[in-house]
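Numbering (the UniProt record's numbering), first residue to last: 1 to 185. Every residue, glycine too, gets a C-beta built ideally from N, C-alpha and C. See structure below.
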């Protein structure tokens, strides 16, 4: 069977995790669990939301992509993707735009990239609602990575789907169309 990885990318607060959960709940497409050195947010569980790592344990994994963001490391390991592909034909993963470029380069047609975009005011409002500390929120919004992730990378032009996520219902309809076109369900 043809394996697929649905790569969901865009800046923080654009709805990447919401779409990943939608794929899981509606289509039973699991999310590849990624690794981070950041502390869990309220309600997050190790091995479910992320593999929460120390800086030392983080460095022992084999990563397809990894990035330092707001003082913490994030990464997706080949082992985690292969483990998911053993049980499922399709999986999703939430990564930054740099990670999305890496997946597209490595997996080509197997990587279906969805770039989510919203305006800066909406992103700021969503991140504030999410409960991030104000100082951390300001640092994130002013970071080079955040601004990079607001724009679709040139390497993905014509090779990915772009959805402006101002209305979650319309976004879900667009995701449904992508899955149909890519023959994923």
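Status (buried if at least 16 other CB within 10 Å, exposed otherwise) for residue 186:
The structure shown does not extend to residue 186, since the chain is modelled only from 1 to 185, so the question has no answer here.
In the DSSP output, what is residue 97 paired with across the bridge?
Within the chain shown, the letter at position 97 stands for residue 97. Checking the DSSP bridge columns, you'll see residue 97 has no partner listed.
Quick check: the Cα distance between residue 192 and residue 25, rounded to an integer number of angstroms?
What the structure shows of the chain is the stretch from 1 to 185, and residue 192 is not part of that stretch, so it cannot be assessed.
Would you mind working out which of 33, 56, 55 sits nearest residue 45, comparing C-alpha positions?
The sequence position of residue 45 within the chain shown is 45, counting from 1. Nearest C-alpha to residue 45: 33.
Closest by CA to residue 134, which one among 35, 70, 148?
On the chain shown, residue 134 is found 134 positions in, with the first residue counted as 1. Each of 35, 70, 148 was checked against the Cα of residue 134, and the nearest Cα belongs to 70.
May I have the straight-line CA-CA distance separating residue 27 from residue 185, to the nearest angstrom?
What you label residue 27 is simply residue 27 of the chain shown in a count that begins at 1. What you label residue 185 is simply residue 185 of the chain shown in a count that begins at 1. Whole-angstrom Cα-Cα distance: 6 Å.
Among 23, 122, 121, whose alpha-carbon lies nearest the alpha-carbon of residue 176?
Position 176 of the chain shown holds residue 176. The residue with the shortest Cα to Cα distance from residue 176 is 23.
Distance CB(residue 123)-CB(residue 6) smaller than 9 Å
By 1-based counting over the chain shown, the position of residue 123 is 123. By 1-based counting over the chain shown, the position of residue 6 is 6. No, these two residues do not count as a Cβ contact at 9 Å.
Rounded C-alpha distance that separates residue 29 from residue 86
Position 29 of the chain shown holds residue 29. Position 86 of the chain shown holds residue 86. Spanning the two alpha carbons is a distance of roughly 13 Å.
Looking only at DSSP bridge pairs, what is residue 111 linked to?
The count along the chain shown starts at 1 and reaches residue 111 at position 111. 5, per the DSSP bridge assignment.
Taking the straight line between their C-alpha atoms, what separation do you get for residue 60 and residue 54?
On the chain shown, residue 60 is found 60 positions in, with the first residue counted as 1. On the chain shown, residue 54 is found 54 positions in, with the first residue counted as 1. Between residue 60 and residue 54, the C-alpha separation is close to 10 Å.
Using alpha carbons as the reference points, say which of 105, 49, 144, 98 lies closest to residue 17.
Within the chain shown, numbered from 1, the residue matching residue 17 stands at position 17. Minimum Cα distance to residue 17 is reached at 49.
At which residues does the beta strand (DSSP E) containing residue 161 begin and terminate?
The residue you call residue 161 lines up with position 161 of the chain shown. Note, residue 161: beta strand (DSSP E), 161 to 164.
Cutoff 7 Å; reference residue 174; Cβ partners in own chain excluding five residues on either side
Start at 1 with the first residue of the chain shown, and residue 174 comes out as number 174. Same-chain partners within the cutoff: 163.
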